[in-house]
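In the numbering used here, the protein residues as written are 4 to 290.
Built from N, CA and C at the ideal position, the CB exists for glycine as well.
What you are looking at is a predicted structure, and each value in this text was computed from that prediction instead of being measured.
What follows is a single structure, written as structure tokens, with notes after it.
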Amino acid sequence: MPSVTIDKDSRWATHPPSTFLLPAVGVGLLFLSAAAFAFNSWTKYLTDKNAASGLDLSRVKESGGTMSTTVSGCEVRVVEGRLENYADSGTTVVLPCNEYFDDHCVGDTKSALGAYVSRVFDGQVDAFISLVKNECKAKLGPATEEQKTSDERAESFGAGRCLLLPKPLGKALPVALVSTTTQRSGQGLAARISYLFDGMRELAAKLADARLSDVTMPVLGAGHGRIDTPLAFVGLLLAVVEAARYGQGGQRLRRVTIVVFKRDEDTAAQVDPVVIRRALALISAGD
């Protein structure tokens, strides 16, 4: 450190050893203090802003294009893209269908169900349709005949029902169909948010029986169901949270991935990232 001598006339003089380390450290600490003050002020601003909105956005994590939060031990993840690109052998794929579980759903390649089946069960679509019909009669109980259109009657198994296919047509990937829409003569296809809650409860029960706890699904209730996609997304999140919190004993949902449809890299996803982040913060509040 610098050595300083003060003589009897109060004159200051330095002598070896001398160094610039001390003033350099002092200036550095001044800058560090200023930076720390600015960071603290900015953090406080963000905290106050989140508190003012009633949401703690810090509970939402983002990594590699995936937003996630945890509710009652269940990791809820949201990704953008196509459902078939996010399915793997370790998850149960959940697909929407109508109350009749019929070929009109499977054959429509513009729907999430039709697009997925046509790709994963390429060349086996008719066999898949036949499998669904047989499994519905065996597992969902008696159907009720309804006037589906003005010139067609069909057997309905009800909205909010779930059919689990553990190994459809020999595939290792489980598939679950959840009826999210109804169809009646003069009314067309229609979905309700309440169907999502019914469907998620029955899905959780079926998964618990099969000892499965990891699912991947699109935004149910949107599309042909005619619920606006952001509203359907929020409703689906709430239904998932209810199923996760009040699941079947120790066999609860552990991981739920919701795929928000995005056609390609050049098009926007159907739900804005701001809505996704706030909705995830909402479901994690009070957990």
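By the neighbour-count criterion, in which a residue is buried when 16 or more other Cβ atoms sit within 10 angstroms of its Cβ, T95 is buried.
Between L168 and V181, the C-beta spacing is not below 7 Å. Considered as a whole, the stretch 140-205 harbours no complete run of any alpha helix (DSSP H) with no fewer than 4 residues. Distance check between S287 and each of S197, K64, I196 places K64 closest, using alpha-carbon atoms only. For F264, the three-state secondary structure derived from DSSP is strand. Between I261 and P145, the alpha-carbon positions lie close to 31 Å from each other.
By the CB criterion at 7 Å, A247 and L256 fall inside the cutoff. Assignment of G93 by DSSP, reduced to helix, strand and coil, places it in the coil class.
For R122, the uninterrupted alpha helix (DSSP H) run begins and ends at 115-123, by DSSP. Rounded to the nearest angstrom, the gap between the Cα atoms of P276 and V30 is 42 Å. Residue pairing by DSSP places K64 opposite S71 in a beta bridge.
Between the stretch 118-136 and the stretch 190-205, the count of Cβ pairs shorter than 8 Å is below three; the stretches do not touch. A distance below 7 Å separates the beta carbons of S71 and R80. When the alpha-carbon of N101 is set against those of Q254, L223, I9, the nearest one is in L223. For A271, there is no enclosing beta strand (DSSP E), since its DSSP letter is neither H nor E.
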